[in-house]
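Trainee:
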Amino acid sequence: MRVTAAGSLPGDDFRGALGAVTEVLPDILPLPELPGRGVGSQMVGRTLGLIDGLGFDLQPAGWRLTTSSGSGADHRRARSQWRFDLDDAEELLQGFGGVLKVAVAGPWTLAASVERPTGDRLLADHGARREMAQALAHGVGSLFADLSRRLPETTLRLQVDEPLVVSVAEAQVPTASGFSRHRRVHAPELSGALSPLIAIDRDAILHCCADGAWLPLARSAGFASASLDLTLFETGRLRDVVGQWLADDLSMVLGVVDTARHEVQSADDLVTRALGFLRPLGLDPEVLRDRVVLGTACGLAGWSLPDAMAQLEQLRRAGELIDEQLER
Numbered sequence: 060m061r062v063t064a065a066g067s068l069p070g071d072d073f074r075g076a077l078g079a080v081t082e083v084l085p086d087i088l089p090l091p092e093l094p095g096r097g098v099g100s101q102m103v104g105r106t107l108g109l110i111d112g113l114g115f116d117l118q119p120a121g122w123r124l125t126t127s128s129g130s131g132a133d134h135r136r137a138r139s140q141w142r143f144d145l146d147d148a149e150e151l152l153q154g155f156g157g158v159l160k161v162a163v164a165g166p167w168t169l170a171a172s173v174e175r176p177t178g179d180r181l182l183a184d185h186g187a188r189r190e191m192a193q194a195l196a197h198g199v200g201s202l203f204a205d206l207s208r209r210l211p212e213t214t215l216r217l218q219v220d221e222p223l224v225v226s227v228a229e230a231q232v233p234t235a236s237g238f239s240r241h242r243r244v245h246a247p248e249l250s251g252a253l254s255p256l257i258a259i260d261r262d263a264i265l266h267c268c269a270d271g272a273w274l275p276l277a278r279s280a281g282f283a284s285a286s287l288d289l290t291l292f293e294t295g296r297l298r299d300v301v302g303q304w305l306a307d308d309l310s311m312v313l314g315v316v317d318t319a320r321h322e323v324q325s326a327d328d329l330v331t332r333a334l335g336f337l338r339p340l341g342l343d344p345e346v347l348r349d350r351v352v353l354g355t356a357c358g359l360a361g362w363s364l365p366d367a368m369a370q371l372e373q374l375r376r377a378g379e380l381i382d383e384q385l386e387r
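Numbering (this note's numbering), first residue to last: 60 to 387.
Structure, rendered in structure tokens:
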């Protein structure tokens with residue numbers, strides 16, 4: 060069974076991280092994200108670094124949209140970091156004929172994280188959040204065009220990280236004062252902001268580590284694949300939702316590595332968890348091999364580097380063992 064990881068890793072050595080994951084995760088290679096390099100390499104800042112035409116600066120409360128297209132120094136550094144990383148990836152991945160997975164924060168996580176020039180989150184402003192979603196789609200499209208030119212033999216895969224989409228949908232995002240919550244965003248608008256990303260990669264993956272029923276949103280937005288934290292889907296009702304997803308010819312990255320534990324889980328343990336979840340679904344083993352990828356629930360940035368690499372090796376081994384188990 061193929062394996063991958065969410066993407067974030069400890070440390071600040073991009074070239075070293077890319078070389079290491081290329082060896083252990085060649086099936087679906089995640090482009091490393093290294094939050095330890097600073098705010099411009101963390102999930103929101105890194106994604107803002109792809110956006111052109113809108114300016115952002117860093118305030119004590121976090122990232123803020125500026126009143127003009129002028130960017131602050133931190134946003135400019137985030138943009139520069141992408142150029143350095145892409146140059147390194149082009150050099151190190153020449154001739155790579157596999158799948159390179161690139162993760163970006165989704166429009167709803169950005170809208171719930173970035174402030175308006177006048178204060179509070181972009182989420183409070185219909186026009187601002189729509190503009191952000193459009194700018195994100197344009198930025199990701201430009202990134203994929205650049206990567207396609209640099210790495211013509213590589214298949215690109217988009218991972219859209221939306222850890223806050225459930226909070227947005229359920230009106231759980233606090234306002235700036237902390238005394239209230241932003242209004243709920245309804246399903247048609249939620250899926251409408253995500254759908255343009257499918258035009259960039261029709262096999263894009265929606266990744267969410269949050270507890271909640273977000274798979275119907277992924278389906279309505281047009282995602283062909285979803286990446287989930289297995290811990291949150293092991294109850295009977297949610298297990299059935301996953302089974303129906305796979306039965307409908309959609310794909311799944313099954314987050315068997317519990318990244319919240321911060322300890323290496325053995326290949327045998329991962330196989331036991333995965334098969335304990337998959338076998339009761341009653342699907343043909345060939346369907347599972349074709350549509351399920353083993354992965355991590357979320358990122359490994361909070362781990363030590365030796366433990367993170369040891370965990371990815373155990374994950375790779377688990378993929379091999381599951382293939383043997385499914386034959387029985």
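Built from N, CA and C at the ideal position, the CB exists for glycine as well.
1. When we look at the beta-carbon of P69 and count the other beta-carbons within 10 Å, is it buried (16 or more) or exposed?
2. Give a yes or no on whether the C-beta atoms belonging to P30 and A162 are separated by under 8 Å.
3. In the DSSP output, which residue or residues are listed as bridge partners for Q118?
4. Thinking just about the alpha-carbon of each residue, which of G178, A272, Q153 is nearest to the one in T213?
5. Let's test the definition: count the other Cβ atoms within 10 Å of the Cβ of T355 and tell me whether it reaches 16, buried, or not, exposed.
6. Assuming F203 and I259 make a contact with CB atoms under 8 Å, what is their CB distance in whole Å?
7. Which first and last residues belong to the alpha helix (DSSP H) in which A246 is found?
8. Would you call the CB atoms of P344 and R298 closer than 8 Å?
9. Taking DSSP as the reference, what is the three-state secondary structure of V62?
10. Closer than 8 Å by C-beta to E149: which residues in its own chain qualify, once you throw out the five before and the five after it? Chain order, please.
11. According to DSSP, what are the bridge partners of L313?
12. Bridge partners for R180 per DSSP, in chain order?
13. Can you give me the Cβ contacts of S172 inside the same chain, cut-off strictly under 8 Å, excluding the 5 residues immediately before and after it?
14. Going by DSSP, what residue range makes up the alpha helix (DSSP H) through A272?
15. Among L145, W273, G75, which residue has its Cα nearest to the Cα of D220?
16. Tell me whether the segment 100-119 and the segment 77-91 touch, counting them as touching only if at least three CB pairs, one residue from each stretch, are closer than 8 Å.
17. Closest to D111 by CA distance: which of T125, K160, L380, V158 is it?
Mentor: So, to answer that:
1. Against the sequence shown, residue 69 aligns to sequence position 10. P69 should be labelled buried.
2. The structure shown does not extend to residue 30, since the chain is modelled only from 60 through 387, so no value can be given for it.
3. Indexing the sequence shown from 1 puts residue 118 at position 59. The partner list for Q118 (beta bridge, DSSP) reads G121.
4. Locating residue 213 in the sequence shown gives position 154, counting from the first residue. Selected option, being the one with the closest Cα: Q153.
5. Sequence index remark: in the sequence shown, residue 355 carries index 296 (1-based). Answer is buried; the Cβ neighbour count reaches 16.
6. One-based indexing of the sequence shown puts residue 203 at position 144. One-based indexing of the sequence shown puts residue 259 at position 200. The distance from the Cβ of F203 to that of I259 is about 6 Å, consistent with a contact at the 8 Å cut-off.
7. Here residue 246 refers to the residue found at position 187 of the sequence shown. A246: member of the alpha helix (DSSP H) spanning 246-259, first to last residue.
8. Along the sequence shown, one-based indexing puts residue 344 at 285. Along the sequence shown, one-based indexing puts residue 298 at 239. For P344 and R298, no; Cβs fall outside 8 Å.
9. Position 3 of the sequence shown, counted from the start, is the residue given in the question as residue 62. DSSP, read as helix, strand or coil, puts V62 in strand.
10. As a working mapping, residue 149 is identified with position 90 in the sequence shown. Excluding residues up to 5 positions away in sequence, R209, L210 lie with their Cβ nearer than 8 Å to the Cβ of E149 in the same chain.
11. The residue you call residue 313 lines up with position 254 of the sequence shown. L313 is bridged to L287, L353.
12. Against the sequence shown, residue 180 aligns to sequence position 121. Answer is E174.
13. Within the sequence shown, the letter at position 113 stands for residue 172. Leaving aside the five residues that flank S172 on each side, the residues in its chain whose CB is nearer than 8 Å to its CB run, in chain order, V103, G121, W122, A164, R180, L223.
14. The count along the sequence shown starts at 1 and reaches residue 272 at position 213. Annotation: A272 is outside any alpha helix (DSSP H) and is labelled neither H nor E by DSSP.
15. Walking along the sequence shown from the start, residue 220 turns up at place 161. Checked all of L145, W273, G75; the closest Cα to D220 is W273.
16. Taking a contact to require three or more Cβ pairs closer than 8 Å, the segment 100-119 and the segment 77-91 do not qualify as touching.
17. Against the sequence shown, residue 111 aligns to sequence position 52. Ranking the options by Cα distance to D111, first place goes to T125.
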